Every structure is written in structure tokens, then in C-alpha cells.
Amino acid sequence: MPPSDLERIAAIDDPYLLIRQATERLSAAQQEVTELARLRRRVIQELHAQGISYAQIAQQAGLSRGRIHQIKHTGPAPEGVFLGTGTITLATPLKREANNARPVVAMEDVTAAKRLEDLARGFDLSINLEHVPLDGDFDLNRPNLIVICGPRLSPVMGALYESDPVLEWVKDGAWTLRDRRTGETYRSGEDSDPVRPIDYAYLGRLSRPDGRGNLLVFTGIHPQGTLGVVDLITSEIATLWGQVGEERFSTVVGVEYDPETGEPVRAELASPLYRHDEEN
Numbered sequence: 001m002p003p004s005d006l007e008r009i010a011a012i013d014d015p016y017l018l019i020r021q022a023t024e025r026l027s028a029a030q031q032e033v034t035e036l037a038r039l040r041r042r043v044i045q046e047l048h049a050q051g052i053s054y055a056q057i058a059q060q061a062g063l064s065r066g067r068i069h070q071i072k073h074t075g076p077a078p079e080g081v082f083l084g085t086g087t088i089t090l091a092t093p094l095k096r097e098a099n100n101a102r103p104v105v106a107m108e109d110v111t112a113a114k115r116l117e118d119l120a121r122g123f124d125l126s127i128n129l130e131h132v133p134l135d136g137d138f139d140l141n142r143p144n145l146i147v148i149c150g151p152r153l154s155p156v157m158g159a160l161y162e163s164d165p166v167l168e169w170v171k172d173g174a175w176t177l178r179d180r181r182t183g184e185t186y187r188s189g190e191d192s193d194p195v196r197p198i199d200y201a202y203l204g205r206l207s208r209p210d211g212r213g214n215l216l217v218f219t220g221i222h223p224q225g226t227l228g229v230v231d232l233i234t235s236e237i238a239t240l241w242g243q244v245g246e247e248r249f250s251t252v253v254g255v256e257y258d259p260e261t262g263e264p265v266r267a268e269l270a271s272p273l274y275r276h277d278e279e280n
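Structure follows, in C-alpha cells:
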């Protein structure tokens, strides 16, 4: 029988390597405990939603009814899985502004990333922040990846969006979103005449290019739309998770914002929420 992780680490002669290995294993173990607790709470909720009483769940699981109630109301909420599990990588794009030689991140993207990070930490998820480089070349074939970036700033993201079976980005003077099924086109109020404080954004979970997992992606036609998506996810994550779980989907988010601050006033689904497993 191969040695356990504890036995393997305890047998390390180099004390500094032992400390490093033990720290890494503790971190991994803590993530496993968190995700097991989330999974257990989710299954109890699903069984109860099917009409099975807590007493029946307790009996079958070999636990007390009080323990089942405790599990249901404590620990990480299952809807956090909408964002991912364990450690999430959140990427925002670098841009090169006029008269500025250094690449920068748009303030709205910084704000969106910070708000999403706060939400994730509330679900006991860890966050690593990265940037999509100026050339847009970015590795999408990684687990637990969220990317805030549109097709304009990254050919890699442009190719990913083209895999969506229902929604598409269209460059028609200005960027718009188009629903292939209904023919509806969503144009930002900033690009309309008269100008209106309304923007639209894409939100979806798409297959990684290598086909070995999914990633969550979103972006507004303009930055106000991006902030609106974060506002929607923050307020409606339980509903979104209940509708699509961890499966692939896409939708258009309509965002009304304060023209003075750019902050979202209202964010809601502007198109149907399309589950991609139902589109094939």
C-alpha cells in the first residue's frame, strides 16, 4: 500500500521542504473540506426539494435530524459552485490607452473584479487575479476560470464566443449582440441616437477549447454592462445556479445605469437564458 500524504511528508529529511510540503497539503486539504461541505449541503437541499423529509434523509444517511438541519443551514452555500470550486482564476484585460505607453486595466474592470472577488470569498472560494495580455493571447484551458473580456481585445476570446450556438457578437459600426434564434439585436444606448443610459452584456459558460471543461465569461458592450453583470450575479446567483447549475449556457443582460456615475441601477435578463445542452 502506498504511503499516505502524512507519512510521505513526515519522512522528508529536509526540514524546509517538509514545512513547504505540509503547508501546501494543508491548503489543499482545507479546500477539499470546504467543497465536501458544500456538496453535502447541496445534496441535502436537493433531496428535500424532491419531497424527502429531513427525518428520512437523516435515517438513510445515519445522522440525527438535528445534524441534517445544522448542515442545511451552515457551511458554504451550494450556489457558490456557479462561480467555480476551490481556487478561482479571474482574468481582466489589459488595454493601452491613448498617450499612455503602459498597459492599464479599465477602472470598471478593476471594480467588477473586486466585487466578484468579494462575492467569491463569501462562498469560501479563493481568488487569483490575472490579466489578459495586450495581444489577447491567453490560456483558456484551465479549471475554475472566469474571464471578463470581449472579442475586441482578444482573438482567443473572439474564437471562444463563436462557439456559442445561440448568441453572437456582431461588429456593425458599433459592437452589438445578436440572438440567432429570434433575430433580436441588442445595441448599447451609448451607440444609439438619442444616447440612453442603457447597455447590454454577454454572460455565459462555454466549453474550453480543449473540450475538457468549461469557463465562465462575461463582458458588457461598454464597461457599464460589465458592472451590471456583476450586480446581477451578486443578487441572483442562487436563481442562476438553480436554472443552469454547472452546465453551459448563455444570455444577454440588460443594464440600466446612472449616467453620472456609470453604476448599475437595474440589471436583468434581456434575452432567454439558453442552456446549450438543449440547443443540440
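So for the sequence shown, full-length UniProt numbering puts the first residue at 1; every next one is plus one. Don't be surprised by glycine CBs; every beta carbon is placed ideally from N, CA and C. Treat the numbers as computed from the prediction; the structure is a model and nothing was measured.
With a threshold of 16 other beta carbon atoms within 10 Å, residue 200 meets it and is buried.
Taking every protein chain shown into account, the CB of residue 186 has 16 or more other CB atoms within 10 angstroms, so this residue is buried. Between residue 119 and residue 136 the beta-carbon gap is near 26 angstroms, outside 8 angstroms, which marks them as no contact.
Going by C-alpha positions, residue 214 is about 7 angstroms away from residue 248.
Straight-line spacing of the CA atoms in residue 149 and residue 238 works out to 24 angstroms. Residue 250 is not a Cβ neighbour of residue 125, given a cutoff of 8 angstroms.
Rounded to the nearest whole angstrom, the C-alpha separation of residue 52 and residue 235 is 29 angstroms. Listed in chain order, the beta strand (DSSP E) runs fully inside the segment 159–197 are 167–172, 174–179, 185–187, counting runs of at least 3 residues. Here residue 246 is exposed: its Cβ has fewer than 16 other Cβ atoms, across all protein chains shown, within 10 Å. In the three-state reduction of the DSSP assignment, residue 247 falls in the coil class, being assigned neither a helical nor a strand state. Residues of the same chain with a CB within less than 7 angstroms of the CB of residue 79, apart from the 5 flanking positions on each side, are 237, 238, 241 in chain order.
In the displayed model, residue 219 falls within a strand according to three-state DSSP. Nearest to residue 188 by C-alpha distance, out of 144, 170, 86, is 170. Relative to the Cα of residue 181, the nearest Cα in the group 264, 173, 271, 221 belongs to 271.
For residue 57, the enclosing alpha helix (DSSP H) starts and ends at 54–61. Looking at the backbone, the Cα of residue 94 and that of residue 110 are separated by about 11 angstroms.
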